[in-house]
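Residues are numbered in this note's numbering as their position in the sequence shown, beginning at 1, plus a constant of 444.
For reference, the structure is listed below as structure tokens.
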Amino acid sequence: MAESDPNQEPKSKMPRKSSGDGNSSGSSPTPPWVWLLFIGIAAAILWAFSPGNEIKVDYAWFLDQVRADNVQEFSNQSTKVSGRLRKKTPYAMANGQPREVDAFVVYLPSEDLIKPIVDQLVTNNKPRDKPVDIDSEPPPGTGLMLWITFLLPSLLFIVFIYLMMRRARDQFDGGILGNFIKSPAKRHDKSKQRTTFDEVAGLENAKAELQEIVEFLKNPERFQRLGGRIPKGVLLVGSPGSGKTLLARAVAGEAGVPFYSISGSEFIQMFVGVGASRVRDMFKTAKESSPCILFIDEIDAVGRIRGAGLGGGHDEREQTLNQILTEMDGFSPNESVIVLAATNRPDVLDPALLRPGRFDRHVTVDRPSRKGRLEILKVHTRKIPLADDVDLDSVARGTVGMSGADLANLANESALIATRANKDKVTQADFEMARDKVLMGAKREEIITDREKELTAYHEAGHALVAWICPFADPVHKVTIIPRGRALGVTQFLPEEERMLVSQKEIYDDLAVAFGGRAAERVVYSDMSAGAAGDLKQATRMARMMVTQWGMSERVGPVHIRANEEHPFLGREMSEPRDHSEHMAQIIDEEIARILREADHRAIEICKTHRDKLDSLAQALIDREELNEEEIRQLWGERVTDKNAPLKLRAKSTVPPEPERNVNGHPAVDESEAGGMSISPSQEGL
């Protein structure tokens, strides 16, 4: 493999135009001297027309000052006479207030009056040592002031119109709106601190796909030797926090070519046509810097399916999408600009955007495996001093389902916990506390009654007991009745190995575990609390998927029934026809209810059969409030499960009577008991 310096931009036959500003669009800006000329002309006009400090007086008052020999300076321009008095004299203004006059201006009724006034001034000043300073200016109509007064404003207006028309002639420059609709894409300077692929851990498959693009940009001849071409676009698909944007930053750091980034929401503004114009300007800038990489984050903001929806079929977002489609693979294809996009909603993207020729590759960024989580933890703990007892492999094993962002938050929380405890290093206990805080929520300092505490203890003990007995359920990791988050108690499970697929037996065991808390309440108190609301919601969702999507109901059969979960604002149709009959809908409801009742009966049977274990764990929780897996094992002994035993869906024992119901048909629950609910964390990944 050919090696090259990542800081050296590859040679290209395409014209290059460097720009230090990420918002540059390649259009020539207005020269600075033009704006200086505007300012100078405007200042000259304002100065020419601005009044001086002379006070306008009437003709009679002026004659009185001439007769009194109080005029020191006299200057006339046609009938306009201005001058200065020998000593300040009060003058009654129009508002009646007197004002001391030093400099004055007066307009004579006729030019014939100038000569007698001048003669009077000369006669009065013969006995004086300092005569009157008399001056006569030429009348207006000649000289520089004529040009300033009449021609320069017109010239200024003509130049302004010319510049506006020049800007409007460029249809891609935004017209008179100027920089408002230029692309806000930011250019990243490779000389600054950069992210490399070494800092991206746990995403080996995605890195391999993107590494090939980086190698193509560094050494295109190697791939073009056999007629290959670089993909025009790469779409990164993954759940939030999985590392899509981090991968894009790593590509920017490794590629050694200009890298522009923009968010999908930055295209749309309140004015019509702004989005499409910004797309044109963005690709224009990218082509001038080609070869380069253009990263669009959250592309689903502008790339959603074109159609009816709530916004109609002809809105600003669709015009922006049409322009993106044209720029990526239209009549003027450009192979030197690679578009890198990221989304966590690929199902709502327009098919025209996903086809080969636009986004040739779809890279799935999955949640990391156990090995990947270990590597991610190593990256995020590089700058954190760790104690000798820290086992990152154990932490990785106990964080199933966490994304890279979750693990980064976990490492940061552990460092904060150690800092608050004034420790010099982060210990394993700090990681355990941080994991509990991230998964189950922060502890709440609440005072609950003894009855609520006992009810919560039996509820969580029921979850733990059913999971301990069911062979395919995940092992219990920790049980606590300390209020965390929105729950008064939590039972945490930790799978022995990661499950990519889930079997029917595992689902039945998970359903029984979900009903464990409710079953324990019914067995012990012959009553139920509102604490099972979250458990019922989770169990109902799993049962519906078993019947409608996974084909695990013999009565419904191996069919897939679409769930109408699309929303019209996503660009889908306002309503979609149902693909099953009313009779089939009734059968689906009956099957879901049957599966849930069987899981409930099974959980009740387990709680009745192992009542001694239920009581012992509940009492231990009341005393200690929190038990881990090892403490439960000391209490109950080793867990013995037979995964080959037949699954019993129906309980042979008599089910306790249903509780008394209120007028609405709901279980009658005391309001004081409703606060003692205990919600077990949902088991994601089914």
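Built from N, CA and C at the ideal position, the CB exists for glycine as well.
As the structure is a prediction and not an experimental result, all values here were calculated from the model.
So who's on the other strand from residue i, going by DSSP bridges?
i, result
"F518", "G527 and I578"
"V923", "T935 and L1071"
"V781", "C736"
"K887", "R928"
"A536", "P542"
Please classify residue i: does DSSP put it in a helix, a strand, or coil?
i, result
"P790", "helix"
"I828", "coil"
"K822", "helix"
"I499", "strand"
"T893", "coil"
"R748", "strand"
"I1005", "coil"
"M944", "coil"
"G708", "helix"
"R817", "helix"
"S598", "helix"
"R802", "coil"
"D402", "Shown here, the chain extends from 445 to 1130; a query on residue 402 therefore has no answer."
"S554", "coil"
"D833", "coil"
"R999", "coil"
"G845", "coil"
"E762", "helix"
"R724", "helix"
"R1022", "coil"
"E904", "helix"
"E857", "helix"
"E965", "helix"
"H771", "Checking the displayed sequence, the identity of residue 771 turns out to be Glu instead of His. Residue state, collapsed to three classes: helix."
"E742", "coil"
Between which two residues does the beta strand (DSSP E) holding residue i run?
i, result
"D546", "P542 to Y551"
"H806", "R805 to V809"
Return the first residue and the last residue of the alpha helix (DSSP H) that residue i is part of.
i, result
"E940", "Careful: E940 lies outside any alpha helix (DSSP H) and carries neither H nor E."
"V957", "Q948 to A958"
"K1052", "E1026 to T1053"
"M505", "Sequence inspection shows Trp at residue 505; the Met mentioned does not correspond to that position. Counting along the chain, the alpha helix (DSSP H) containing W505 begins and ends at Y503 to R511."
"A865", "Taken as a continuous stretch (DSSP letters only), A865 belongs to no alpha helix (DSSP H), as it is neither H nor E."
"F875", "Q872 to M884"
"D837", "L836 to R841"
"R985", "A977 to T992"
"T1085", "Taken as a continuous stretch (DSSP letters only), T1085 belongs to no alpha helix (DSSP H), as it is neither H nor E."
"V562", "I558 to N568"
"A917", "Here A917 belongs to no alpha helix (DSSP H), and DSSP marks it neither H nor E."
"P812", "P812 -> no alpha helix (DSSP H), and no H or E assigned at all."
"P795", "P795 to L798"
Quiz item: If we count Cβ pairs, one from each stretch, closer than 8 Å, do we get three or more for the region 1046-1054 versus the region 971-980?
Solution: no
Quiz item: Any chance the region 990-997 sits against the region 931-943, with 3 or more Cβ pairs inside 8 Å?
Solution: no
Quiz prompt | Those runs of the alpha helix (DSSP H) which lie wholly inside the region 628-700 and span at least 4 residues | solution = 648-662, 664-668 and 688-699
Exercise. Spell out a yes or no on whether the region 984-991 and the region 1063-1073 are touching, meaning 3 or more CB-CB pairs, one atom from each, closer than 8 Å.
Key: no
Quiz item: Is the region 803-816 touching the region 882-898, taking contact as three or more C-beta pairs under 8 Å?
Solution: no
Quiz item: With a cut-off of 8 Å, do at least 3 Cβ pairs link the region 914-924 to the region 948-963?
Solution: yes
Quiz item: Do the region 551-567 and the region 520-528 meet, that is, are 3 or more Cβ pairs less than 8 Å apart?
Solution: yes
Quiz item: Is it a yes or a no for the region 700-711 touching the region 829-845, going by three-plus beta-carbon pairs under 8 Å?
Solution: no
Quiz item: Are the region 780-797 and the region 681-691 touching, with three or more C-beta to C-beta distances below 8 Å?
Solution: yes
Quiz item: Would you call the region 675-682 and the region 642-662 in contact, with 3 or more CB pairs under 8 Å?
Solution: yes
Quiz item: Are the region 736-744 and the region 698-709 touching, with three or more C-beta to C-beta distances below 8 Å?
Solution: yes
Exercise. Report yes or no: do three or more beta-carbon pairs, one from the region 1053-1063 and one from the region 897-908, lie closer than 8 Å?
Key: yes
Quiz item: Does the region 1034-1047 come close enough to the region 959-967 that 3 or more CB-CB pairs lie under 8 Å?
Solution: yes
Quiz prompt | the region 811-824 contacting the region 838-857, beta-carbon criterion three pairs below 8 Å | solution = yes
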